[in-house]
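Here is the structure we will look at, set down as structure tokens.
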């Protein structure tokens, strides 16, 4: 946990967070790519993806108008009909970057947005969603994660790779097979990070997760403290953080 208090407010208290425009653009990109793989392979083109952006933006305006409003903030156009184009404009380069990383006409996913869950020997339950699972004709498994931001600089890949090892651990514990490859596709700068996990690394990841679980259990007794960092300026919970003069609400009761 980079900040125990942030974890508590987000996961235990479940305080509402206002999504950022960047996060919402990421949601749209994920939705577009998920649907792109439902059409016949020969139709998985950049033009088709552009059409899907407009469709998912229209759906967001109807089903999640508060999110659509966040994406439209700051757009000051005389013609309201131009708002859609202005909202879509920064999303288009992200999808164009995707098409430089792979040709979706040559990919047939085994699963998309796949929910996976397992229980460790300690009784700890784990669950997550994998953006895409590919299985080769020979049975090799590749887990793919889409990132709409830029790739981490040299020496800063640890967080992203831990996330992928977490997914690999889930897959291993549910399918009894270690994925042959993990891939992160970064649309912000068109970069790809590929990684081949080993059993030793996944066992180490499992131990780290259990250690984090123990740390959370101790914090539930002794308190979740704030850990100030440069990331604080983007935190949604400053009003509930003592580092910013906020008042932290009472700890909610945890399930038995």
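Residue numbers (the working numbering): 5 to 260. Cβ coordinates follow ideal geometry from the N, Cα and C atoms, glycine included. None of these values were measured; they are calculated from a predicted model.
In angstroms with no decimal places, state the Cα-to-Cα distance between residue i and residue j.
| i | j | result |
| --- | --- | --- |
| residue 204 | residue 228 | 31 Å |
| residue 99 | residue 48 | 12 Å |
| residue 222 | residue 94 | 43 Å |
| residue 149 | residue 250 | 36 Å |
| residue 202 | residue 176 | 11 Å |
| residue 60 | residue 25 | 15 Å |
| residue 140 | residue 246 | 51 Å |
| residue 225 | residue 8 | 13 Å |
| residue 70 | residue 241 | 19 Å |
| residue 244 | residue 231 | 13 Å |
| residue 22 | residue 73 | 12 Å |
| residue 238 | residue 161 | 21 Å |
Does the beta-carbon distance from residue i to residue j come in below 7 Å?
| i | j | result |
| --- | --- | --- |
| residue 188 | residue 197 | yes |
| residue 136 | residue 193 | no |
| residue 102 | residue 191 | yes |
| residue 31 | residue 120 | no |
| residue 168 | residue 144 | no |
| residue 38 | residue 117 | yes |
| residue 126 | residue 214 | yes |
| residue 173 | residue 209 | yes |
| residue 131 | residue 138 | no |
| residue 57 | residue 92 | yes |
Mapping DSSP to helix, strand and coil, what is residue i?
| i | result |
| --- | --- |
| residue 118 | strand |
| residue 139 | strand |
| residue 169 | helix |
| residue 22 | coil |
| residue 196 | strand |
| residue 233 | coil |
| residue 149 | strand |
| residue 240 | coil |
| residue 4 | Residue coverage of the chain in this structure runs from 5 to 260, which leaves residue 4 outside it and unanswerable. |
Apart from the five residues on each side of it in sequence, which residues of its chain come closer than 7 Å, Cβ to Cβ, to residue i?
| i | result |
| --- | --- |
| residue 53 | 36, 40 and 99 |
| residue 109 | 45, 46 and 48 |
Report all residues from its chain with a CB closer than 6 Å to the CB of residue i; omit the five preceding and five following residues, and keep chain order.
| i | result |
| --- | --- |
| residue 90 | 79 |
Can you find the residues in the same chain that come closer than 8 Å, C-beta to C-beta, to residue i, ignoring five residues on each side of it along the sequence?
| i | result |
| --- | --- |
| residue 29 | 75, 94, 95, 98 and 152 |
| residue 129 | 121, 122 and 123 |
Spell out a yes or no on whether the region 247-258 and the region 8-27 are touching, meaning 3 or more CB-CB pairs, one atom from each, closer than 8 Å.
yes
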